[in-house]
Every structure is written in C-alpha cells, then in structure tokens.
Amino acid sequence: MSSFADISTPPVETRQPGSWMPRIPLSMGFVGILFLVSVPMIIILVLSFVTARQNTLDMFDRQTGNVLSEVGQLIASHLDPVAVQTGYTADMVRSGEIDPSDVSAFTVHLTGALSGMRQVGQLAFIDPHGAMLRINRKNRRIKQSDWSDDAQTMEMIRDAGTRKDGHWGEFFFAEKSRSTLLNYRMPLWRDGKFQGVLIAVVSTRTLSTFISRISARQKINAFILHGPDHVLAHPGMDRYKFEASDTAPLPSITQSGDPVLIALMESKEWRRPLNSASTLARKGIVRANQAAHAVGYRFLDGYGDMPWIIGVSIPHAQIGTQTGRIEMVASIGFAILFLSIVCAYLLGRSLTVPMRQLASAASNVFTLDTDPKTPPPLKRSLFRELDDAAGAVNSLLSGLFWFNTYLPRTIVKRLLRGNFQSVQSEERMVTVMFTDIYGYSKIAERQSPERVMEFLNEHFTMLASSVEDTDGTVDKYIGDSMMAFWGAPDDQPDHAARAFEAALDIASKIRKYNIVRHQEGRPTVRLRIGLHTGPAVVGNIGAPGRVNYTIVGDTVNVAQRIESLSKELH
Numbered sequence: 189m190s191s192f193a194d195i196s197t198p199p200v201e202t203r204q205p206g207s208w209m210p211r212i213p214l215s216m217g218f219v220g221i222l223f224l225v226s227v228p229m230i231i232i233l234v235l236s237f238v239t240a241r242q243n244t245l246d247m248f249d250r251q252t253g254n255v256l257s258e259v260g261q262l263i264a265s266h267l268d269p270v271a272v273q274t275g276y277t278a279d280m281v282r283s284g285e286i287d288p289s290d291v292s293a294f295t296v297h298l299t300g301a302l303s304g305m306r307q308v309g310q311l312a313f314i315d316p317h318g319a320m321l322r323i324n325r326k327n328r329r330i331k332q333s334d335w336s337d338d339a340q341t342m343e344m345i346r347d348a349g350t351r352k353d354g355h356w357g358e359f360f361f362a363e364k365s366r367s368t369l370l371n372y373r374m375p376l377w378r379d380g381k382f383q384g385v386l387i388a389v390v391s392t393r394t395l396s397t398f399i400s401r402i403s404a405r406q407k408i409n410a411f412i413l414h415g416p417d418h419v420l421a422h423p424g425m426d427r428y429k430f431e432a433s434d435t436a437p438l439p440s441i442t443q444s445g446d447p448v449l450i451a452l453m454e455s456k457e458w459r460r461p462l463n464s465a466s467t468l469a470r471k472g473i474v475r476a477n478q479a480a481h482a483v484g485y486r487f488l489d490g491y492g493d494m495p496w497i498i499g500v501s502i503p504h505a506q507i508g509t510q511t512g513r514i515e516m517v518a519s520i521g522f523a524i525l526f527l528s529i530v531c532a533y534l535l536g537r538s539l540t541v542p543m544r545q546l547a548s549a550a551s552n553v554f555t556l557d558t559d560p561k562t563p564p565p566l567k568r569s570l571f572r573e574l575d576d577a578a579g580a581v582n583s584l585l586s587g588l589f590w591f592n593t594y595l596p597r598t599i600v601k602r603l604l605r606g607n608f609q610s611v612q613s614e615e616r617m618v619t620v621m622f623t624d625i626y627g628y629s630k631i632a633e634r635q636s637p638e639r640v641m642e643f644l645n646e647h648f649t650m651l652a653s654s655v656e657d658t659d660g661t662v663d664k665y666i667g668d669s670m671m672a673f674w675g676a677p678d679d680q681p682d683h684a685a686r687a688f689e690a691a692l693d694i695a696s697k698i699r700k701y702n703i704v705r706h707q708e709g710r711p712t713v714r715l716r717i718g719l720h721t722g723p724a725v726v727g728n729i730g731a732p733g734r735v736n737y738t739i740v741g742d743t744v745n746v747a748q749r750i751e752s753l754s755k756e757l758h
C-alpha cells in the first residue's frame, strides 16, 4: 500500500549548483562521433580489400554446400511423398479397409491417391497373376489389361512378392511419351498373402527443370548423376543429341557433351570411393576446354540400388570476377564514406539551432516561465523527430501555463529545485489568512453568472498578487473566500509580519477598487479578513493518487472563526 511519504519524495536527479560536468557543443560532438565511426570503417574496408579473394573463395565453398543441400531437399520433396502415399495405400490393404480384388472401389481409391501426387503421371496395380489396373493422370483414363505373358513384368511381380517394403525400381524408357521414367514399387499384403504390387510412375523431366532453375538463379551448373557414369538431370538435358531406348534410358557422361563432367569422370579423384552416407561434399578443380572449374559433389542414397550423385560446377574465372567486384566496391565505399562524413558534419550543424531552442524552452519550463507569448513558439523543423519535439514543447508550454494557474507557484518551484523534504508533512508555526466578501449574495443576485465570474476573477487577482508579493501561498478559493498562509514551505521567521503586510495591501487595493466602482455606478465591495498565527500540520494531504499541499489544525479553524466573527463586530 502506498503512503504519502512515498509520493512526496519522487526519485528525480537534478543538477545541483556547483556540480561540474564536461559540456561540449553539439557540432563538436558530431565531429567526435564521425571520427569514431570513420576509423573503424576505414579499417574494415582495408581488411575487406586485403582478404577479398579468400573471402570470395569461402563464399563459393558455402554456395556449393547450399546448392547441394537445396538439390537434395528438392529431390526429397518431389519423390518422398510418393513413398508415403503408396505406403498409406499398403496400410489400408493390410488392415482390410480396401480390397484390391474389388476393382470398382479400388479404382476410386487409386484415383484419389493419384490426385494427391501431382508428380506421378501414372498409377498402376498388378495382381500376382499379371492383371493390371492402370490410371493415367493426363486423360484420367482407366485401363485394364493382362500382362501375364510378359516375362519382364512377371519377373518384377515375383521380385515384389519377396519384399515387405516399397523401393525405387530401375529407370525405363516410355516409347509413347519419348521420356525416361522412374517408378516406385510398393508390395501390397493382407493376412500374410501377397495381393500384388502398386507402381507409381514419375517423369525425370521435372528433375531437370529443378536443376535448370537452380543453375540459372545461382549462376552455376548443377547436375544429378545416376551412379558414376550416367546423367539423370542437367540444365542442358534437352540439348543433348541422345536417343533414349529400352536398353539405354539415360545418357552416359560421355554422351552428355558436358566437358566439365567428362573431365571430372576422367580424373583420379572421381574414382576414389566416397562414403555414401556422408553429407559433406567433395570438392576439387578440373580443367575443361583450357579453363579451370571448381566442382563439388556428394552421394544421395535411397532412390534405387545405384546411389545418385548431386553436384555443381563453377567456372574458376567467375570467382576472379567476384573478387574484382569486391575491390571495386571497396573503392566506392571509401568515396561514399568521405561524402558521408561531410554530409554528417553539415547535418550536425543544422541540428544545433533547433536543439538550442529546445534547451531554452526546457529551461523556461523548469523556471515556470510559461507565458504562451514568451518565448515565441518553437519553429517547425524539416526533421520529423525535432518537429515532433518542437510541437510537443509548444503544447507543453501552453498547457503548463494553465496548469500553473491551478497550483501554488512557490510549491512547484521548490519541487523543481529538488527540495522534496520541505513538502513532507510536519508541524510548523504559520500565519493563516481567510477573506470573505461582505454582502456577496446581494452583489451576485443582481448580475448575470458571466458578470459574477468576471467579478470574482478580478477580485481574486488583486488578493493573490498581495499574497504572492509577500511570498505567501494561496491555498484555495472557496466561493467568494480565499485561504492563504505564510511560513511554509519556505522558512519565514517573519511570517506574521508578511501576513499583516499582505492584509494592509489588500485593504489599500480594495479602497482604490471601490473608488472606481463608485464612479462606474456599481456597488462598493467590503471585505472581511481573519488572521491567526499558531502551529499547524503542513504538507501533502490526500489520497496517494491525488494530493494537495495544504495546512490543517486549530490554527486554521481559529483564523476562519476570526474572519466570521467580524460579522458580529460589524
């Protein structure tokens, strides 16, 4: 629970008179910052220039690794879903949810499965006797045929009957579509009996499309090999003068016409065994057409008995080109750095004037010099933050002018000086004044509410000036009455004399004021004043979220009774 002591002493740091702190102009501060920024930048540019070649080589090493990882991920995302989907069908057959012998229901299931595998061109089921059910994606045609007299097909069925899990079969050439196809074979079992084999057919053209896109984007030459001798996917696959056939569905490296792959195949490094489980690429330099090429490659298992090899080749001259570009960028960087220093210096100078204006305005806020006419409003700035700050300070000065009219100025100034102890509750000797207008009700009932407000504001302005001129504090206005006190928050040994001086000044002002009112034909004003000196509790009084600096005690009550007693004396 909060206490009044907690809110009367906020933890604010103020700069005490006599304290010393180094201060430098804003423009010099920008010069120092520019110096601190420039030196490291120059060092960085020099180091970048010196190590450009090595950094570029390292960058291409990382690029090779990234490309190989991307190719591997593309292959996995393209082919692995085929194994998952066909495995799902095998599970349904094994559990009895679907029956391959029910041709109508099984056809519906296979059609749905084919819809979920966009990379699959055909989906076929062959039972142990060679009866085939085939669905083509292109024309959604469903065809049944008998392959029992095809020796190669029956051998494939017998092989599938010896397996429990799916596997990728050998590549084969489709004469009708003139394309090389890859097939995934999933044996179907139920109750321990072989039901047949489900075959998903995938074209290899998509792999070459993937490789072409990666090569164009990375400005390199990526490839996929089937074993150490045959090309599976390559950016120039469509340009090869190679006629595929049943006996040769894939071109050999020699037939590919790629001089880099041919040179790589002929190198001793190519025939050195590589751990097929390793994810690290082997890298080297080969020469083709009297030019050096950086080559990186690694094995990829899981897509047939023969491992795949994914790789990338980069012309060595391209590395040198990148190094030259870095050198050019370093030179441009020095020029830009110099221009930036000049522009930043000029910018710093342009910020000095509005910053000084903000400092001056902040000083006026500190001293409660909140007259909206002095100083003039801060000028708008081209810089958004400074413009926002200027607008905020202008609003603050205007708002604080009205805020200051509702608070005792002596209290606020003391708080701004950091003297928080003086506003804590304590008992002190004070002199209290109460005033009241004699016959106020008769004066008010003869005038409109607007004229009454104007009269009271004029009246309290006279009284408040007399109190503040003697360093007193106006505590509150109650109707047509005013309460003020002396002796707090500042120590005033002569607080009683100050209070009487203020009372006499008020009496003098009232007499002069009445002369003017009499000349204008308005009724004169008579004022009762009560003064009393004695002990009272002075400080913050109220709830933690809303307090008033005021005084309480019998001294206050006595002063008010003295003012009321003047009614009888009159």
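Every number in the numbering used here is 188 more than the matching position in the sequence shown, counting from 1. Where is the CB? At the ideal position from N, CA and C, for every residue including glycine. Because the structure is a prediction, the values reported are computed rather than measured.
What does the Cβ neighbour count give for residue i, buried or exposed, with the cut at 16 atoms within 10 Å?
| i | result |
| --- | --- |
| residue 375 | buried |
| residue 409 | buried |
| residue 224 | exposed |
| residue 516 | exposed |
| residue 675 | buried |
| residue 439 | buried |
| residue 252 | buried |
| residue 431 | exposed |
| residue 403 | buried |
| residue 330 | exposed |
| residue 339 | exposed |
| residue 751 | buried |
| residue 749 | exposed |
| residue 344 | buried |
| residue 423 | buried |
| residue 228 | exposed |
| residue 396 | buried |
| residue 350 | exposed |
Tell me the DSSP bridge mates of residue i?
| i | result |
| --- | --- |
| residue 129 | Outside the modelled stretch of the chain, which goes from 189 to 758, sits residue 129, for which no answer is possible. |
| residue 375 | 385 |
| residue 425 | In the DSSP output, where bridge partners are listed per residue, residue 425 has none listed. |
| residue 498 | 412 and 486 |
| residue 450 | DSSP lists no partner for residue 450. |
| residue 471 | 484 |
| residue 620 | 673 and 720 |
Helix, strand or coil for residue i per DSSP?
| i | result |
| --- | --- |
| residue 521 | helix |
| residue 486 | strand |
| residue 821 | Beyond the ends of the chain as shown, which are 189 and 758, falls residue 821; an answer cannot be given. |
| residue 745 | helix |
| residue 357 | coil |
| residue 409 | strand |
| residue 713 | coil |
| residue 404 | helix |
| residue 740 | strand |
| residue 756 | helix |
| residue 235 | helix |
| residue 438 | coil |
| residue 335 | coil |
| residue 628 | helix |
| residue 415 | coil |
| residue 391 | strand |
| residue 636 | coil |
| residue 505 | helix |
| residue 367 | strand |
| residue 722 | strand |
| residue 697 | helix |
| residue 250 | helix |
| residue 343 | helix |
Can you find the residues in the same chain that come closer than 7 Å, C-beta to C-beta, to residue i, ignoring five residues on each side of it along the sequence?
| i | result |
| --- | --- |
| residue 744 | 620 and 724 |
| residue 503 | 479 and 481 |
| residue 622 | 669, 671, 718, 747, 748 and 751 |
With a CB to CB cut of under 6 Å and the five nearest residues on each side skipped, what residues in its chain are close to residue i?
| i | result |
| --- | --- |
| residue 451 | 474 and 476 |
| residue 356 | 372, 491 and 492 |
In its own chain, which residues sit with a C-beta less than 8 Å from the C-beta of residue i, not counting the 5 before and 5 after it?
| i | result |
| --- | --- |
| residue 294 | 286, 287, 288, 313 and 321 |
| residue 230 | 522 and 525 |
| residue 317 | 336 |
| residue 328 | 299 |
Does any C-beta atom of chain C lie closer than 7 Å to the C-beta of residue i?
| i | result |
| --- | --- |
| residue 692 | In the structure shown, chain C cannot be found, because there is only a single protein chain. |
Task: Sequence ranges, beta strand (DSSP E) only - wholly within the segment 258-317, length at least 3 - done: For the segment 258-317, whole beta strand (DSSP E) runs of length 3 or above, ordered along the chain, are 308-314.
Open item on the list: For a minimum of 3 consecutive residues, which ranges assigned as the beta strand (DSSP E) are wholly contained in the segment 640-693?
Closed with: Entirely contained in the segment 640-693, the beta strand (DSSP E) runs reaching 3 residues are, in chain order, 661-666 and 669-674.
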